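Numbering (the numbering used here), first residue to last: 1282 to 1417.
Beta carbons are placed, not taken as given, at the ideal position from N, Cα and C, and that holds for glycine.
Being a predicted model, the structure only gives us computed values, none of them experimental.
To start, the structure itself, in structure tokens.
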Amino acid sequence: MNRPSPSILLLIAFYILIAILAGWRALDSQTLDLFTLGVLPVLIGLIARTSWASLVLKIYIGIQTLGFTALGATAVIAYQITPEDVKVVVRGQELPIWAIALVVIVLLSFQWYMAFSKGLKQYLPQAAQASDKNKA
């Protein structure tokens, strides 16, 4: 079994971090949603090199993109109505909107790039072919 490339390892590490944060959020808010539950099949699929991991990854990134687009559109509309009320405060610290937008764009872009990268296509089917050889 070939070792995954550094970019795939970074993607897996990113999804491990998302899974930890999603679990923490679920315990803290005592609610489950697609952002929270969706990360688990993606992470399992990437680690186990399953044949369905690429599809689940693309669906999850699509859900993330739709969610962040909706939040962004809501923020823009709210800013047009009452600009002084549009702010993000975490533990008493106000975060700049431009920084949040930049981080979201970078993270989504990286995920979309990896979802359609040649390296991921080579990484996932190799496991399916290897498991077929083991069964024969």
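Cβ of residue i within 8 Å of Cβ of residue j?
{"i": "residue 1404", "j": "residue 1306", "result": "no"}
{"i": "residue 1315", "j": "residue 1344", "result": "yes"}
{"i": "residue 1312", "j": "residue 1303", "result": "no"}
{"i": "residue 1356", "j": "residue 1371", "result": "no"}
{"i": "residue 1340", "j": "residue 1393", "result": "no"}
Have a look at residue i and residue j and give me their C-alpha separation to the nearest angstrom.
{"i": "residue 1364", "j": "residue 1397", "result": "38 Å"}
{"i": "residue 1361", "j": "residue 1388", "result": "27 Å"}
{"i": "residue 1338", "j": "residue 1320", "result": "9 Å"}
{"i": "residue 1350", "j": "residue 1406", "result": "32 Å"}
{"i": "residue 1395", "j": "residue 1376", "result": "28 Å"}
{"i": "residue 1291", "j": "residue 1336", "result": "19 Å"}
{"i": "residue 1348", "j": "residue 1402", "result": "26 Å"}
{"i": "residue 1346", "j": "residue 1301", "result": "20 Å"}
{"i": "residue 1378", "j": "residue 1386", "result": "12 Å"}
{"i": "residue 1409", "j": "residue 1391", "result": "With a pLDDT of 45 at residue 1409, under the threshold of 50, the modelled position of this residue cannot be trusted; read the value that follows with caution. Each residue's Cα considered, the two are about 25 Å apart."}
{"i": "residue 1283", "j": "residue 1308", "result": "36 Å"}
Quick test of your reading: residue i and residue j, contact by CB under 8 Å. State the CB separation rounded to the nearest angstrom.
{"i": "residue 1325", "j": "residue 1400", "result": "Rounded, the Cβ-Cβ distance is 20 Å, inconsistent with contact."}
{"i": "residue 1299", "j": "residue 1328", "result": "At roughly 13 Å, the Cβ-Cβ gap does not stay under 8 Å, so residue 1299 and residue 1328 are not in contact."}
{"i": "residue 1381", "j": "residue 1369", "result": "6 Å"}
Taking 7 Å as the limit between beta carbons, can you name the residues of its chain near residue i, skipping five residues before and five after?
{"i": "residue 1333", "result": "1326"}
{"i": "residue 1322", "result": "1337"}
Kindly list the residues whose CB is nearer than 6 Å to the CB of residue i, restricted to its own chain and excluding five residues on each side of it in sequence; keep chain order.
{"i": "residue 1353", "result": "none"}
{"i": "residue 1285", "result": "1404"}
Closer than 8 Å, CB to CB, is residue i near chain E or not?
{"i": "residue 1383", "result": "Here there is only one protein chain, and chain E is not present."}
**Item:** Entirely enclosed alpha helix (DSSP H) segments - the region 1283-1336, minimum 4 residues
**Value:** 1287-1310, 1315-1329
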